[in-house]
Structure formats: structure tokens, C-alpha cells
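Notes follow once the structure below has been shown.
There are 2 protein chains.
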Amino acid sequence: MEHSGDRVTLGLEEVFALARSVLAAAGLPERQAVPVARVITEGQRDECHSHGLFRLPGCVQTINHPRFNRAAIPVVEDTTAAVTKVDAQFGYSLPALEAAMPLFVEKARAVGISVLAINNCFHFSALWPEIEMLTAKGLSAIAMTPSHSWVAPAGGKRGALGTNPIAFGWPRRNADGSPRDPYVFDFATSAIARGDMSLHKMAGKPLQEGWAIDAGGNPTTDAAAGLEGAMLTFGGHKGSALSTMVELLAGPLIADMTSLESMEFDDGVKAAPAHGEILIAFDPAVLGGGTRDNQASSERLFAEIAGQGARLPSSRRYEARARSLVHGVSIPRHLYDQIQALPRA
Amino acid sequence: MEHSGDRVTLGLEEVFALARSVLAAAGLPERQAVPVARVITEGQRDECHSHGLFRLPGCVQTINHPRFNRAAIPVVEDTTAAVTKVDAQFGYSLPALEAAMPLFVEKARAVGISVLAINNCFHFSALWPEIEMLTAKGLSAIAMTPSHSWVAPAGGKRGALGTNPIAFGWPRRNADGSPRDPYVFDFATSAIARGDMSLHKMAGKPLQEGWAIDAGGNPTTDAAAGLEGAMLTFGGHKGSALSTMVELLAGPLIADMTSLESMEFDDGVKAAPAHGEILIAFDPAVLGGGTRDNQASSERLFAEIAGQGARLPSSRRYEARARSLVHGVSIPRHLYDQIQALPRA
């Protein structure tokens, strides 16, 4: 640990130990605390601050939710040759994901496509670490989850949809067959993250047009009015349609809550949303059938995108990761002090 | 058939017979002409003009492409318990889809999720008629296909992506269990359709900002300059990422061409693109496992969206369909005359 002015530098092991210790002190058993601390460490490592140490106080609040189950032990169901379900029993999603992952991967490889439905979970995780678990196995994957109904549909006046992230990954190899950073994107279908709107309010900065409506359903650039009203989706009616797809596939399809239902379930606590998550894995080796070199084809596409000056999604994350693995991570002193003030085990 | 000023009204049977006859005269055998004529009729019926009679001359051009196979007989492969592949043998995609549909649906019902990969097809169809074939069976579904590389990635300077449509459907039932119009969207991931840009050029209308760049990679609102340059995706870097996902899943994943490769394959003919298509079907009865009423949950979401004045996607199409089933369809006289001038069988 190094202190320098208003920043504090931590090694990745320190980040993990700190997160794990705070979660343990909040009453989270090891089997839930370890995967959550791992994702917080990965978030901090990749400078994806919304899922880094910044979120620890929120995790403590979630653990204290009256409906959160600290004793949850995920129950994996081997549903069909292509479907695995796991009941998180209202603990965190991550232990459920880890419990079901081997079966989920095995089925994708056996039959070419496989679904994992995580039910009854409090959801804390960016989706990209989950996608990267699958690309590391040579699989392409999609992950989707609802949230709370803060987002108005295109043409609407109030929240009905969640921020509804969708993430996708495609495995990549170098010419010598060794694995390289996968193609991964992970974005909210809302125009901005809800946390960003709060940051604009605190900084007194106006929102961009198209980000939010006020409580009367009228367009606003005032962050406080937007927080009282609703966010909008990215991309107008297309983004709104896509967000609705996320609701349906990660909610009713797998018999779990929509963002509307999850917000009611939260009962005003404002903890991490409880709901489901759907992951879909594709095995290019099965679906491609070896008739064509699918890596050559995708690498040519990536080269064409990057070669004209466009960035591939996640490239900033991979650059941050490379830095963090060498130099550790740097966080603002006020965040460090805030975390130091939390009880630790 | 009724002529009234500058419009001509046709019954749906007349639309179908006209399309079938023109396709037959162009040398397309019955097994390919019938499904193509059916989609043209459905497009015209739903006032989805881009896939209505307007496209018949383009279909004739595609049939005359030196690489189009009029004698194609689709070859269905029963790949795994969850995967069906069909080789369209460089005929149209639709006969291949129809040949593989029973196996594709059977697998979705048996194991909860199923993929259909259509390979080596010339693609003519909106995706929503295909999605509606699946929602009619009680399945939720996604369909994706690349096109030609007319679309620049976010931050890029030239075409690398196709217009890359993505379509989704969710089956709906009335309270008495009878089927009702499904939730369906079908949109291009480009900011506008390529045909719309041509229409702007012909009408001398400027493009909206964010639709296109010129050949130098600079933003333009000039339609002619945009046609020389590249279109942009909807929704900035998120739309661009989504478009790349369509390329990868409907291209390399299933060992078929990307939009870049398809444009080269076309060899300057400017026919309908040849490439693959991926469809994914989900059975809510299997994935939901009957533990929760997934129709009640999704209907509540739709009611919340429609109840605040937002339109569900496809609602205009369903209204047009209801009108067309009673009154037939109305097309501009110049289009009618153009089609009358084509050879008919």
C-alpha cells in the first residue's frame, strides 16, 4: 500500500483481502464472500470502478437486506441436455454461477449451445467477468439480467424497464493457437448508468439530452429531476426494444422477476436488485463444424475494425488490466478512508 | 384489382400470384418461388414495404446472379440434440428455413433451447415472418443475419459491418389461453436502412446527423456522399458492438461469411447478399419449469409499456395486417406498372 497525496495505491491481493474481510465482517460466509471479493478485485483491476471497491458499501447494504439469505447454498438442476438451472436461494448470484459453471460448459461443448438460468439471486457482478469465464473455455457467450424499473420505454413517461445490461464474448486465439484477450462487450441498455446520473447531480452538471425524463414524463437535463423521473434507453426505440428483450429472456422466460417485480420485492431498501440472470454459451467447434476457419474470418473483421481507428470494446479494460497487474491499482483517498471505516473481520 | 388515381388496390391472393408468377418467369422453381412469394405477400400485407412488391425486381436480379443456384435443394443436418444446420446450396434462405423448421422446433421443445444455422444462402426475407413462425409454436426466438459491409463501426472511417438486423419474438396468449399477436421486433443495427438513404438521395432530402459518413470518413448529411461513404450504426458504440455480435454469431460461429466476405462474394453484382443466418429458439415451458406464471409476468410488463402511451414494436404492422386482410393492399401505380412490365409465367 502506498499513499501519495489524494490517491492510495493497493496491490491486487490487498484489494481482494480488503473486500473479503469487509464482506466477512458483514456476515457473509466464505462461499459467498470469495466470489464477490474476486469480482470486486477484477473490477478494480480493469478500472471498471462501478464494480470495484466503490461498490463495497453497497454490498454490505445488500447483505443486510431482510430478504438476503446469508446461508444460501446454490441448488443446481440438470434440466435437459442443453439447459442447466441454479437456484441461488436469495444469496448472491456469483456462488450460484460458479456452482453451475462446469455443467453449463460441458453441455455447450456436447450439444453446441447451452443455457444457464440463475434464479432467485441478489445480483452483484459486472457481466464481463462471467463472459470471460466462458471465452476462456473457447466458447462464445451472451449474458443478460434485469435490474430495477428505473428506465422508461421509448415514447413512455415512467420507469418500466431496468438498466438491463447485455454482454457478449467471442474467444480469440493468436496465430500460434495461444489464447489472447477475447472480444467482449458489456453495456447497459439505459443511456447512462444510474450511478452516473447521481454523480452528475452531486457535481451540479447537466445531463445530456436524451438521457432522462422528469416525473411528469418530459425531457430533462436536470439530474435531480431525472432521478425523480426515469432514465431513457440508448438508441431510441431500438434500444428500448432490446431492453425489453432482456426483461423477457432474463425474467419471464426463466420464471423469474422483471425489473418492475424486482423493485417491488426490494420494498424500498434500495439494495442490489434480486431477480434472475440468463447466460447462453455457443461452441464454435460444434456450430461451425470445422468446415471453415472461423477464427480467420473473425480476426479479419477485428483487424478491419481496429485498422480504421475504431476501438474494439473492452480494449481500455485490457490496457488497465495490464497496468494494474504490474503497478497495482490506485483509488481516491476518500474511498480508501470510507472503506477503512467499515467493520472488517 | 382496383385502380383509383395514382394507387392500385390488390387482394392478398393477387399479390401472391403476381409475385409467384414473376419469380417463376425469372427461372425460380416452385419450391423456392412459393416461400419467397409468401414473404413478399406478408411484407405487403403488413405495409412493410421494403419486403413487399417493391422488392420483386431485386429478387429477379438475385436469381440472375451468376452464383445463385436455381436448382438448390436444401440439405438438413441433424447436428446435435440442440443444433440443426441446413445448407441452402446458394439458393434462397427461405426454402432452407422451411425444410429445417420441424426439426428446429422439435429440439427447442425437447431440450428448451435450439439453434438453427442456415448456411450458404442468398438472403431475402424480413426476419419477423420467421420469428412469427416460432412464436406461433409457443416459442421465444432470436434471428440474426449479416449483409454487405456498408456500415462503419463507431469511431471508424469505412464500411466493415452489415446492416445486420436482429429480430426477437415472445409468444403471447389471451387470458382464455387463445393466441394473440406476439411481441416482435426486427430492426437493422444500422441507423437507417440502405434503401432509405437512396430514397433521400432521389428526393434531394438531407440525411439526419449520425446516419452516415462520406468516403473520407467525415460526418455528412448529403445522401449521395453517404452512399459513396458508409452508414453508421444506431446507438453509437453500443449499436456498433451489437452489430459486431450479429456478424460473429451469424457468420464465423456458424462457419459462414461476414458482411465483408459476402460483399466480395457478390463481386459487384449488387444482388441480395449471400451468407448465413442464425436462429435461436427458447421454450418457456422448459426454461420456466412451470414454477411461475411467465405469461402473467410478461403481460404485466406489456401493459405497463402500452399503458403509458409507448407503442409496442410491430403494433403498426399488426394494424396494417388487420386492414389488409379486410381491404387488400394499396400500392403506387408506378410500382404496379413496373411489376407489370416484368416477364410473368
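If you read the sequences in order, they're chains A and B. Per our numbering: the first sequence = residues 24 to 368. Per our numbering: the second sequence = residues 24 to 368. Glycine included, every Cβ here is placed at the ideal spot set by N, Cα and C.
Residue range of the beta strand (DSSP E) that residue i falls in?
i, result
"Y359 (chain B)", "Note, Y359 (chain B): premise wrong, no beta strand (DSSP E); alpha helix (DSSP H) at 356 to 363."
"E394 (chain A)", "With chain A represented from 24 up to 368, any question about residue 394 (chain A) goes unanswered, as that position is not in the structure."
"G192 (chain A)", "189 to 196"
"V108 (chain B)", "The sequence shown places Lys at residue 108 (chain B), rather than the Val named in the question. Counting along the chain, the beta strand (DSSP E) containing K108 (chain B) begins and ends at 106 to 110."
"S221 (chain A)", "No beta strand (DSSP E) holds S221 (chain A); the alpha helix (DSSP H) holding it covers 217 to 226."
"S137 (chain A)", "136 to 145"
"V292 (chain A)", "Premise fails: V292 (chain A) is in no beta strand (DSSP E) and is neither H nor E."
"P202 (chain A)", "202 to 210"
Please list, in chain order, all residues of the same chain as residue i whose beta carbon is under 7 Å from its beta carbon, the five residues on each side excluded.
i, result
"G81 (chain A)", "A295"
"P368 (chain A)", "Correcting the residue identity first, residue 368 (chain A) is Ala in this sequence and not Pro. If we look at A368 (chain A) and ignore the five residues flanking it on each side, its Cβ neighbours are S44, A47, A48."
"N102 (chain B)", "The sequence as given places Thr at residue 102 (chain B); Asn does not occur at that position. For T102 (chain B), where only same-chain residues beyond five positions count, the Cβ hits under 7 Å are K108."
"R181 (chain B)", "A175, G240, A253"
"I328 (chain B)", "L335"
"V269 (chain A)", "M167, P169, N187, I189, T212"
Note down, in chain order, each residue of its chain lying with its Cβ closer than 8 Å to the Cβ of residue i, except the 5 sequence neighbours on either side.
i, result
"A247 (chain A)", "K224"
"P52 (chain B)", "R93, A94"
"S73 (chain A)", "G66, A149, A216, G218"
"T243 (chain A)", "L230, A235, I236, D237, G249, G252"
"A104 (chain A)", "K130, A133, V134"
"S266 (chain A)", "V174, P176, L184, G185, N187, T212, S213, T256"
"M280 (chain A)", "P169, G274, F288, A297, H298, G299"
"S347 (chain B)", "L35, Q67, R68, D69, E70"
"V83 (chain B)", "V45, L46, A49, L365"
Where do the N-terminal and C-terminal ends of the alpha helix (DSSP H) with residue i fall, by residue?
i, result
"E251 (chain B)", "246 to 251"
"F288 (chain B)", "282 to 289"
"K261 (chain B)", "259 to 273"
"I277 (chain A)", "Careful: I277 (chain A) lies outside any alpha helix (DSSP H) and carries neither H nor E."
"F113 (chain A)", "Looking at the DSSP string, F113 (chain A) is not in any alpha helix (DSSP H), and its letter there is neither H nor E."
"N317 (chain A)", "317 to 330"
"S44 (chain B)", "35 to 48"
"R54 (chain A)", "53 to 68"
"P89 (chain B)", "Premise fails: P89 (chain B) is in no alpha helix (DSSP H) and is neither H nor E."
Going by DSSP, what residues sit across from residue i in a beta bridge?
i, result
"S163 (chain B)", "B:F305"
"R30 (chain A)", "A:S27, A:P355"
"G339 (chain A)", "Gly is not the amino acid found at residue 339 (chain A); the sequence shown has Arg there. DSSP, once it has assigned bridges, lists no residue as partnering R339 (chain A)."
"S148 (chain B)", "Answer by DSSP bridge pairing: none, since S148 (chain B) is not bridged."
"A297 (chain B)", "B:F145"
"I236 (chain B)", "B:P242, B:A253"
"S170 (chain A)", "The partner list for S170 (chain A) (beta bridge, DSSP) is empty, contrary to what the question assumes."
"A175 (chain B)", "B:L255"
"S213 (chain B)", "B:T256"
"L184 (chain A)", "A:V174"
Output needed for residue i: all residues of its chain with C-beta closer than 6 Å, excluding positions within five of it in sequence on either side, in chain order.
i, result
"I165 (chain B)", "F191, I303"
"L33 (chain A)", "M24, G351, V352"
"V138 (chain A)", "V106, I303"
"H88 (chain A)", "V292, A294"
"V31 (chain B)", "I354, R356, Y359"
"A343 (chain B)", "D69, E70"
At a Cβ threshold of 7 Å, is residue i touching chain D?
i, result
"S44 (chain B)", "Going by chain labels, chain D is absent from the structure shown, which instead holds the protein chains A and B."
* Would you check if the region 137 to 145 of chain B and the region 287 to 302 of chain B touch, i.e. whether three or more CB-CB distances between them fall below 8 Å? => yes
* Any residues in the region 320 to 331 of chain A with a beta carbon nearer than 8 Å to a beta carbon of chain B? Which ones, in chain order? -> S320, S321, R323, L324, E327, I328, Q331
* To do: May I ask you to verify whether the region 326 to 339 of chain B touches the region 361 to 368 of chain A, counting CB pairs closer than 8 Å and requiring at least 3?
  => no
* Asked: Closer than 9 Å, Cβ to any Cβ of chain B: which residues of the region 262 to 283 of chain A, in chain order?
  -> G262, S263, A264, L265, T267, M268, E270, L271, L272, G274, P275, L276, I277, A278, D279, M280, T281, S282, L283
* To do: Check whether the region 53 to 72 of chain B touches the region 135 to 142 of chain B, counting contact only when three or more Cβ pairs, one atom from each stretch, lie closer than 8 Å.
  => no
* the region 279 to 291 of chain A / the region 167 to 179 of chain A touching (three or more Cβ pairs under 8 Å) -> yes
* Asked: How about the region 349 to 356 of chain B and the region 308 to 327 of chain A: do they share at least three Cβ pairs that are nearer than 8 Å?
  -> no
* If contact means a Cβ-Cβ distance below 7 Å, which residues of the region 301 to 320 of chain A contact chain B? -> F305, P307, V309, L310, G311, G312, T314, R315, N317, S320
* Within 7 Å of chain B by C-beta, residues of the region 76 to 104 of chain A in sequence order -> T102, T103, A104
* Check whether the region 33 to 42 of chain A touches the region 120 to 130 of chain A, taking contact to mean three or more Cβ pairs, one atom from each stretch, closer than 8 Å. => no
* Asked: Relative to chain A, which residues along the region 172 to 194 of chain B have a C-beta separation below 7 Å, given in chain order?
  -> P176, A177, G178, G179, K180, R181, A183, F191, W193
* chain B contacts from the region 134 to 148 of chain A (Cβ-Cβ distance under 7 Å) -> V134, G135, I136, V138, A140
* Asked: Does the region 256 to 274 of chain B come close enough to the region 202 to 210 of chain A that 3 or more CB-CB pairs lie under 8 Å?
  -> yes
* **Against chain B: residues of the region 333 to 357 of chain A by CB proximity under 8 Å** => A333, R334, P336
* To do: Kindly confirm or deny that the region 193 to 203 of chain A and the region 271 to 280 of chain A touch, where touching means at least three C-beta pairs closer than 8 Å.
  => no
* **Residues of the region 104 to 122 of chain B with Cβ closer than 9 Å to any Cβ of chain A, in chain order** => A104, A105, V106, K108
* **Short-range partners of chain A found in the region 284 to 301 of chain B, where Cβ spacing is below 9 Å** => E284, I301
* Asked: Along the region 153 to 164 of chain B, what residues have a CB closer than 8 Å to any CB found in chain A?
  -> S163
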